[in-house]
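Each residue of the sequence shown is one higher than the one before, counting from 1 in full-length UniProt numbering.
I have placed the structure first, in the form of structure tokens, so that the comments after it can refer back to it.
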Amino acid sequence: MTDKKDLLSAKKELMHSIDQVYEMYVRMLALLSEITEYTSVDAIERANKHFPTAEDLNPNKKLLRNKFIVLLQENPEFKSAVNKYQINWHADPEFIKTIYNKLKATPEYIAYLADTDDSLEGSKEIIKFIFRKIILKSQNIIQAFEDKFINWPVDKEVMQGMVAKTLKNFVSEDPFKNKLTPISVDWKEDSKFVEDLFTYTLKNNTEYQNLIAERTKNWESERIALMDTILMKMAICELMNFPSIPVKVTINEYLDLSKDYSTPKSNSFINGILDKILGDLKRTNSIKKIGRGLIEE
Numbered sequence: 001m002t003d004k005k006d007l008l009s010a011k012k013e014l015m016h017s018i019d020q021v022y023e024m025y026v027r028m029l030a031l032l033s034e035i036t037e038y039t040s041v042d043a044i045e046r047a048n049k050h051f052p053t054a055e056d057l058n059p060n061k062k063l064l065r066n067k068f069i070v071l072l073q074e075n076p077e078f079k080s081a082v083n084k085y086q087i088n089w090h091a092d093p094e095f096i097k098t099i100y101n102k103l104k105a106t107p108e109y110i111a112y113l114a115d116t117d118d119s120l121e122g123s124k125e126i127i128k129f130i131f132r133k134i135i136l137k138s139q140n141i142i143q144a145f146e147d148k149f150i151n152w153p154v155d156k157e158v159m160q161g162m163v164a165k166t167l168k169n170f171v172s173e174d175p176f177k178n179k180l181t182p183i184s185v186d187w188k189e190d191s192k193f194v195e196d197l198f199t200y201t202l203k204n205n206t207e208y209q210n211l212i213a214e215r216t217k218n219w220e221s222e223r224i225a226l227m228d229t230i231l232m233k234m235a236i237c238e239l240m241n242f243p244s245i246p247v248k249v250t251i252n253e254y255l256d257l258s259k260d261y262s263t264p265k266s267n268s269f270i271n272g273i274l275d276k277i278l279g280d281l282k283r284t285n286s287i288k289k290i291g292r293g294l295i296e297e
């Protein structure tokens, strides 16, 4: 794919898919917020029973005042992101009600209500429980996210890590001092790397394919996993076009990626082929690195 229009379209789609990871993360935080908010709805429903008990008339609303969620709801970044992505879980109240009722029946939630600890750190524990043991175990929720995000099976682990980091990093009781978890520490620099890697790999696709073909002559093409080929092309691209990244870092990074995204045998296969291609590139002086020791493995 070298057509400029196709390349721009593909690059736009790539950056959109990365942005969707962040949207998924914000949507999950918003869901946690909605579950706590349902405490007040539940209280009204209980009070309106035909024969309400004393507990129905005076329910424990501790979750509604959960410090972590209150700080999240007041956080400018969170409010801006919810508005940007137009997130609204109110469209299906029964969805939130089902989750809340499941939570109410758990020993962990009952213990939380009985605990007098009202600290910020203490408030995080029940949120962690709701996230890990209620939300991520709910087939209905998983289906809702799968329907919204096509890359959910791959991106969910990144989202989970971002939520976990947010819980860890919210340490101030001033909502303006807490920060949401960014996609990366320096997204301006990292986004340029992503775009460049994507562009160079596509533009030089034929060249990289030939390098791989030369070293896989004894392999039937259909036996080589597509993901293995993609990862090797990206690795070759990084070796040839990013002078500040050490060779060893590149090789190890793509071997790690193969463990997560390809077949059980891919790691050793990719390692062997890249080792041979690296030798070829060195012999033709095709690798230019800035700084001493960046070429050596």
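Just so it is clear, CB atoms sit at the ideal spot from N, CA and C, and this is done for glycine as well.
This one's a predicted model, so the numbers in the text were calculated from it and none came from an experiment.
In terms of Cα proximity to E55, the closest of M159, I270, R46 is R46. H16: member of the alpha helix (DSSP H) spanning 4-47, first to last residue. Rounded to whole angstroms, the gap between the alpha carbons of S40 and K265 is 53 Å.
Rounded to whole angstroms, the separation of the alpha carbons of I44 and Q73 is 22 Å. The beta carbons of Y112 and I126 sit about 4 Å from each other, so the pair counts as a contact at 8 Å. One alpha carbon belongs to T199, the other to D147, and they sit about 29 Å apart.
Residue ranges of uninterrupted alpha helix (DSSP H) with 4 or more members, entirely inside the region 107-167 and ordered along the chain, are 107-114, 120-129, 139-148.
Going by C-alpha positions, K259 is about 36 Å away from L103. In this structure, the beta-carbon distance from A235 to L274 falls below 8 Å. In the DSSP assignment, V194 falls within the unbroken alpha helix (DSSP H) covering 187-203. The residues L103, in chain order, have a CB closer than 6 Å to that of Y109 in the same chain once the five nearest residues on each side in sequence are set aside. DSSP, read as helix, strand or coil, puts D260 in helix.
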